[in-house]
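>
In this note's numbering, the protein residues as written are 8 to 164.
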């Protein structure tokens, strides 16, 4: 498995919380992007992230909580002007990064590999933080088979 261990700095991102099946998070990303456009922040965007707060194997899909987030070149100083958009801090620390190449529909398999295969034999333990994904290319501009997603899992030191 292609897992690397990285030390990440704290990062401030901005996101919209979604309650419901993770497969429906795309609508929240569309709303988030419209907010970026409305506030003329397109040139400052640096990353697109999904944060997944619930284990979909335990939590009913309709109750799963996630966030569609965008990172910028620096924390925003302007008022957010939209109650749906929240400031979210990604904690600093050690993370396992697994790179998935392929359709988003196969990300569940990637999580099974990380949590079910890699983690138990890695010598690491998870911190009580939600995993997050960083999307390195755009699904409207990239064939599904070439989509690149980095999955980050927070680890104890």
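Built from N, CA and C at the ideal position, the CB exists for glycine as well. Bear in mind that the values here come from a model prediction, so they are computed numbers and not experimental data.
Should residue 155 be labelled buried (16 or more other beta-carbon atoms within 10 Å of its own) or exposed?
Flag for residue 155 reads exposed.
> Report the CB separation of residue 138 from residue 160 in whole angstroms; it is logged as a contact under 8 Å.
That belief holds up - the Cβ atoms of residue 138 and residue 160 are roughly 5 Å apart, short of 8 Å.
> Would you check if the segment 97-105 and the segment 13-25 touch, i.e. whether three or more CB-CB distances between them fall below 8 Å?
Verdict: yes, contact present.
> Apart from the five residues on each side of it in sequence, which residues of its chain come closer than 7 Å, Cβ to Cβ, to residue 82?
The residues are 19.
> Can you list, in chain order, the residues of its chain with a C-beta nearer than 6 Å to that of residue 28? Leave out the 5 residues immediately preceding and following it.
Here the set comprises 68.
> What are the partner residues of residue 74, as DSSP defines its beta bridges?
Beta-bridge pairing links residue 74 to 24, 58.
> When you compare the CB positions of residue 124 and residue 8, do they come within less than 8 Å of one another, or not?
Cβ atoms of residue 124 and residue 8: closer than 8 Å.
> Assuming residue 106 contacts residue 157 (C-beta within less than 8 Å), just tell me the rounded distance between them.
The pair is a contact, with the Cβ atoms about 5 Å apart (cut-off 8 Å).
> Just confirm the distance between the C-beta atoms of residue 56 and residue 76, as a whole number of angstroms; I'd bet it's less than 8 Å.
Right, their Cβ atoms sit about 4 Å apart.
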